[in-house]
Amino acid sequence: QSVLTQPPSVSAAPGQKVTISCSGSSSNIGNSYVSWYQQLPGTAPKLLIYDNNKRPSGIPDRFSGSKSGTSATLGITGLQTGDEADYYCGTWDNSLSTGVFGGGTKLTVL
Amino acid sequence: QITLKESGPTLVEPTQTLTLTCTFSGFSLSTSGVGVGWIRQPPGKALEWLALIYWDDDKRYSPSLKSRLTITKDTSKNQVVLTMTNMDPVDTATYYCARRPGSGYSFDYWGQGTLVTVSS
């Protein structure tokens, strides 16, 4: 049981937009920055979004992040088949004094 | 260019102690704010945060595994070592090390991961 809650799966057609939610509490998302990671099959996670809504160099602006209260959202526009992957949110939990991840969301591009 | 690479045994017997080494390059663990963490992922399951060591030797552990984990650093060798005692088959997972940049709560660079199987 992950501290952060994500939908197990989402799907959309190529070219469309999809959002992935990440729900937490005041001890984590509510008071910490959120990051998002993409994990392509058989590879290590890759940082997509940090500090709620910032993109590392090289990450296309099709990927965006937002946070409101104790929830965060990853948005992906102009979906491509290459975006099929597992996506994880992560943050710091001040009560646990540890980092935490969501359970992951599998994106299928139909 | 920042790289991290995990090394250690691929097979561990139950009750044994696992020792994993993360060897990195392209940054220094003596730089203020920087940290190196360990994350694991059982086959087909989600990421699990394990431990983090900061530039100033401050350490954080997952509460559920704290009694079994020890994280240390050797700044001169650019290495971070994670030990996990009393290994169990449920600890079978790919273990990743990753860099925490100077601020925030993200991991910006990850190693390729190493699969550790616990079995007799």
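Protein chains in written order, with the numbering used here: chain A, 1 to 110; chain B, 111 to 230.
Built from N, CA and C at the ideal position, the CB exists for glycine as well.
All figures in this text were calculated on a predicted structure; none of them were measured in a lab.
Using 8 Å as the threshold, is the C-beta distance between residue i and residue j below it?
i	j	result
B/P124	B/D198	yes
B/Y205	B/L114	no
A/S23	A/T70	yes
A/Q80	A/V109	yes
A/G75	A/Q6	no
B/T227	B/T120	yes
A/K106	A/P8	yes
B/V190	B/C132	yes
B/E116	B/L128	no
A/S2	A/G65	no
Could you tell me the boundaries of the beta strand (DSSP E) in which residue i lies?
i	result
B/E116	113-117
B/M197	Element bounds for B/M197: n/a, residue is neither H nor E.
A/I20	18-23
B/S133	Note that residue 133 of chain B is Thr in the sequence shown here, rather than Ser. Unbroken beta strand (DSSP E) run through B/T133: 128-135.
A/F101	98-101
A/T105	105-109
A/G15	Taken as a continuous stretch (DSSP letters only), A/G15 belongs to no beta strand (DSSP E), as it is neither H nor E.
A/Y33	Neither: A/Y33 is in no beta strand (DSSP E) and is coded neither H nor E.
B/V228	224-228
B/G221	Here B/G221 belongs to no beta strand (DSSP E), and DSSP marks it neither H nor E.
B/T125	Looking at the DSSP string, B/T125 is not in any beta strand (DSSP E), and its letter there is neither H nor E.
List the residues of chain B whose Cβ lies closer than 7 Å to the Cβ of residue i, in chain order.
i	result
A/L47	S216, F217, D218
A/A44	Y206, W220, G221, Q222, G223
A/S2	A156
A/S32	Y215
A/T91	Y215
What does residue i reach in chain A if we use C-beta pairs closer than 7 Å?
i	result
B/S172	T98
Under 9 Å between beta-carbons, which chain B residues line up against residue i? List them in chain order, please.
i	result
A/F101	I149, A156, L157, E158, W159
A/D61	Correct list: empty, because the minimum Cβ distance to chain B is about 18 Å.
Going along chain A in order, which residues have a C-beta closer than 9 Å to the C-beta of residue i?
i	result
B/L162	T98, G99
Is the closest heavy atom of the ligand ZN to the C-beta of residue i under 7 Å?
i	result
A/S97	In terms of ligand content, the structure shown is empty, and the ligand ZN therefore cannot be addressed.
Interface residues of chain B around residue i at Cβ under 8 Å?
i	result
A/T81	Here the premise fails: no neighbours, minimum Cβ distance about 22 Å.
A/S35	G214, Y215, S216, F217
Quiz item: Looking at C-beta atoms only, is the number of pairs between the region 24-33 of chain A and the region 41-48 of chain A that lie closer than 8 Å three or more?
Solution: no
Quiz prompt | Segments of 3+ residues assigned as beta strand (DSSP E) that fall wholly inside the region 137-214 of chain B | solution = 145-151, 158-164, 169-171, 179-184, 189-194, 203-210
Exercise. Could you tell me whether the region 78-85 of chain A touches the region 164-179 of chain B, where touching means 3 or more Cβ pairs closer than 8 Å?
Key: no
Exercise. Go through the region 46-83 of chain A residue by residue and report every complete run of the beta strand (DSSP E) that reaches 3 residues or more, in order.
Key: 46-49, 63-68, 71-76
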